[in-house]
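If you read the sequence shown in the UniProt record's numbering, its first letter stands for residue 1, the second for the next number, and so on. Note that CB positions come from ideal geometry on N, CA and C, so glycine has one too.
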Amino acid sequence: MEEISRNLGKQLKKIRHQRLLSLDDMAKLTDVSKGQLAQMEKGESNPTVSTMWKIATGLRISFSTLLQPPKEQFLKINSAEMPFVTENEGKYRVYSIIPYDPERGWELFKVEMDPGCSHKSDAHTDGVEETITAIKGQVVVETGDMSETLNVGETLVFKGHQIHQYTNTADEMTVLHFILQYKQ
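Following this line, the structure appears as structure tokens:
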């Protein structure tokens, strides 16, 4: 229960600051007293389910939002510490850097390809758009009747609903950043 109180307090404070609300403003919106809201923000109160529903309804947020730890403003990720999957006898490595989140609508991957490595990707579902940026090395991207060579600093955006292939044409490891965006 202590963790829920802490999460609730952090969420309330975060929402109040994001919306530029005073405790009085929040009390009016939620029909919960200013004093009780202040105690909740400090994590010093265990509100009833009814009180939490009042808050969720008044703020027009989901009930479960109040129970979750808030997402931090900063998230530092070291891709070298991330787990990865491989193909092509370990010559093609995929690191999930930022996983998919429905609110965000996209995910970020880092791909490492050894020299001469080629990878064929199945078609994604309709509405998936791929954005590929060459960070190191060189890659040829082929899809349908299109073929493009990407050098360091170049980015290619294309619809991912057809089979596509990536080939490292450099004499060194190629590093790519992939963003997959899921459009409705």
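Next on the checklist: Extract the residue ranges of the beta strand (DSSP E) inside the UniProt domain "HTH cro/C1-type" (12-66), only unbroken runs of 3 or more that lie entirely within it.
Outcome noted: none
Item to check | Length of the line joining the Cα atoms of N151 and A134 | outcome: Numbered from 1 along the sequence shown, position 151 holds the residue referred to as residue 151. Numbered from 1 along the sequence shown, position 134 holds the residue referred to as residue 134. In a straight line, the C-alpha of N151 is about 6 Å away from that of A134.
Checklist entry - Which first and last residues belong to the beta strand (DSSP E) in which residue 195 is found? => result Not covered by the structure: residue 195. The range shown for the chain is 1 to 184.
Next on the checklist: Let me confirm a value: P47 is counted as buried when at least 16 other C-beta atoms fall within 10 Å, else exposed. Which label applies?
Outcome noted: Here residue 47 refers to the residue found at position 47 when the sequence shown is read from its first residue. Buried.
Item to check | At least three beta-carbon pairs within less than 8 Å, the stretch 35-46 to the stretch 76-88 | outcome: no
Next on the checklist: Here's a check: name, in chain order, each residue in its chain whose Cβ is nearer than 7 Å to the Cβ of L59, leaving out the five neighbours to either side.
Outcome noted: Counting from one through the sequence shown, the residue named residue 59 turns up at place 59. So the list reads I15, L29 and T30, once near-sequence residues are dropped.
Checklist entry - When the Cα atoms are used, what is the spatial distance from Q162 to H124? => result The count along the sequence shown starts at 1 and reaches residue 162 at position 162. The count along the sequence shown starts at 1 and reaches residue 124 at position 124. So the alpha carbons of these two residues sit roughly 7 Å apart.
Checklist entry - Expressed to the nearest angstrom, what Euclidean distance is found between the alpha-carbon atoms of S62 and T131? => result What you label residue 62 is simply residue 62 of the sequence shown in a count that begins at 1. What you label residue 131 is simply residue 131 of the sequence shown in a count that begins at 1. Near 32 Å, if we compare the C-alpha coordinates of T131 and S62.
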